[in-house]
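Novice: Structure below; questions to follow.
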Amino acid sequence: MSANLQVLISVTVLLGLVSCEPVFDIKDPAFIEGCVREHNRHRTSVRPSAANMRYMTWDEGLAVTAQAWARFCVFKHNIHLGEVKRMHPIFTSVGENIWAGAPYSSFKPESAVKLWVDEVRDYHYDTNQCTKVCGHYTQVVWADSYKVGCAAQACPNGVAETRFSTQPGVIFVCNYATAGNYRGVSPYRAGASCSSCGRDTCENKLCRNSTRDAPQRYNWNPDWDPALSSCTLFCRAVVIIRLISIPIMFASVYCLQGHYKLFAYE
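Now the structure itself:
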């Protein structure tokens, strides 16, 4: 790749980062509370009831990872899932749910989480089978996933890999630790609420532990974060695709923008 092209790509990424602002600050207490509350609301109301469902709390490291991936504005799962130390400084397994929608006004954290949870209609606990997609639901209610971190990113040039990629949109990413959705394993143990909490306390049908639930601080960013000075190969590929698609976007956005509320989830 020529030096001039490398400069062009770097400048384009930086300009994109300036215009792509988070919809919510990942340190905003109201945003954090909304995400955590909505996850725990659904975890406490599973049917059949869960004997070992842990209370879920916020993790800033997971939120930083979610924000870094959301900055790409691409509707695909993080390509670094499963890579130790590239998703989180401590957790070696991280799960992920993604939602995308347009226009900006279509996004509410609670609505996105509910959309994932609505997959329960296609999940059968007795057989641990799905008739359609239900992995987003099972991740939300995975008993051993006790940390969550989310981020919502405005994408003025659209969210790539969606049917509304020519419209300004939003991508919402939630990361979970420890990861859920292990093949052949049920998301939780059925039984009387909190009956398998061990030495944990029981609060609103969820297992709580003050040490496990305590917030952690990390001086860490994933090395593939596009906000960093270097641009990864994947980042460069995304930029090139966007440069090619810009003329098409400008031709289409006038007709489509604001007329329909569209969404997708991964």
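As numbered in mature numbering (1 follows the signal peptide of the UniProt record, and there is no 0), residues -20 to -1, 1 to 246 make up the sequence shown, in order. All C-beta atoms, glycine included, are put in the ideal place defined by N, C-alpha and C.
1) If I follow the unbroken alpha helix (DSSP H) through K88, where does it start and stop?
2) Contact defined as beta carbons within less than 8 Å: I believe A172 pairs with F152. What is the distance between those atoms, to the nearest angstrom?
3) What does the alpha-carbon distance come out to for the pair T111 and N199?
4) Which whole-angstrom value describes the C-beta separation of F55 and T142, a residue pair presumed to lie in contact below a C-beta threshold of 8 Å?
5) Please report the distance separating the alpha-carbon of F144 from that of I59.
6) Excluding sequence positions up to five away, which residues of its chain have a Cβ less than 6 Å from the Cβ of V64?
7) Does the beta carbon of I6 fall short of 7 Å from some heavy atom of the ligand GTP?
8) Identify the continuous alpha helix (DSSP H) that holds N20 and give its terminal residues.
9) Check this for me: beta carbons of C187 and N32, under 8 Å apart or not?
10) Starting from W204, follow the alpha helix (DSSP H) in both directions and report where the run begins and ends.
11) What residues in its chain sit with their C-beta under 8 Å from that of E183, if we drop five residues either side in the sequence?
12) Could you tell me how far apart the beta carbons of N77 and Q119 are, in whole angstroms, since I believe they sit closer than 8 Å?
13) Would you give the residue range spanned by the alpha helix (DSSP H) that W49 belongs to?
14) Starting from G115, trace the alpha helix (DSSP H) both ways and give me its first and last residue.
15) When you compare only the Cα positions, how much space is there between Y105 and T37?
16) Who are the Cβ neighbours of V26 in its own chain at under 6 Å, not counting the five residues just before and after it?
17) Could you check which residue in C53, H68 and A140 has the C-alpha nearest to that of P2?
18) Taking a contact to mean a Cβ-Cβ separation below 8 Å, would you say L42 touches H68 in this structure?
19) R23 to V100, Cα distance in whole Å?
20) Ignoring anything shorter than 4 residues or poking outside the stretch 148 to 193, list the alpha helix (DSSP H) runs there in chain order.
21) What are the boundary residues of the beta strand (DSSP E) that includes V128?
22) For H116, I'd like the list of residues in its chain whose CB is within less than 7 Å of its CB, leaving aside the five on either flank, ordered along the chain.
23) Leaving out the 5 sequence neighbours to the left and right, which residues in its chain are closer than 6 Å to G75 when beta-carbon positions are compared?
24) Using the three-state DSSP reduction, which class does R66 fall into: helix, strand or coil?
25) Taking C-beta to C-beta, are G14 and E90 nearer than 8 Å?
26) Since I believe G138 is in contact with A46 (beta carbons under 8 Å), could you give me their beta-carbon distance rounded to a whole number of angstroms?
Specialist: Put simply:
1) Neither: K88 is in no alpha helix (DSSP H) and is coded neither H nor E.
2) With 8 Å as the limit, A172 and F152 do not qualify as a contact, their Cβ atoms being about 34 Å apart.
3) 42 Å
4) 5 Å
5) 22 Å
6) T72
7) The model on display carries no ligand, and the ligand GTP is accordingly not part of it.
8) P9 to R23
9) yes
10) Premise fails: W204 is in no alpha helix (DSSP H) and is neither H nor E.
11) Y35
12) 6 Å
13) E40 to A50
14) G115 to V120
15) 25 Å
16) V121
17) C53
18) yes
19) 12 Å
20) 190 to 193
21) K127 to C135
22) N77, W96, E99 and Y245
23) Q119, Y156, A159 and G160
24) coil
25) yes
26) That pair is no contact at about 19 Å.
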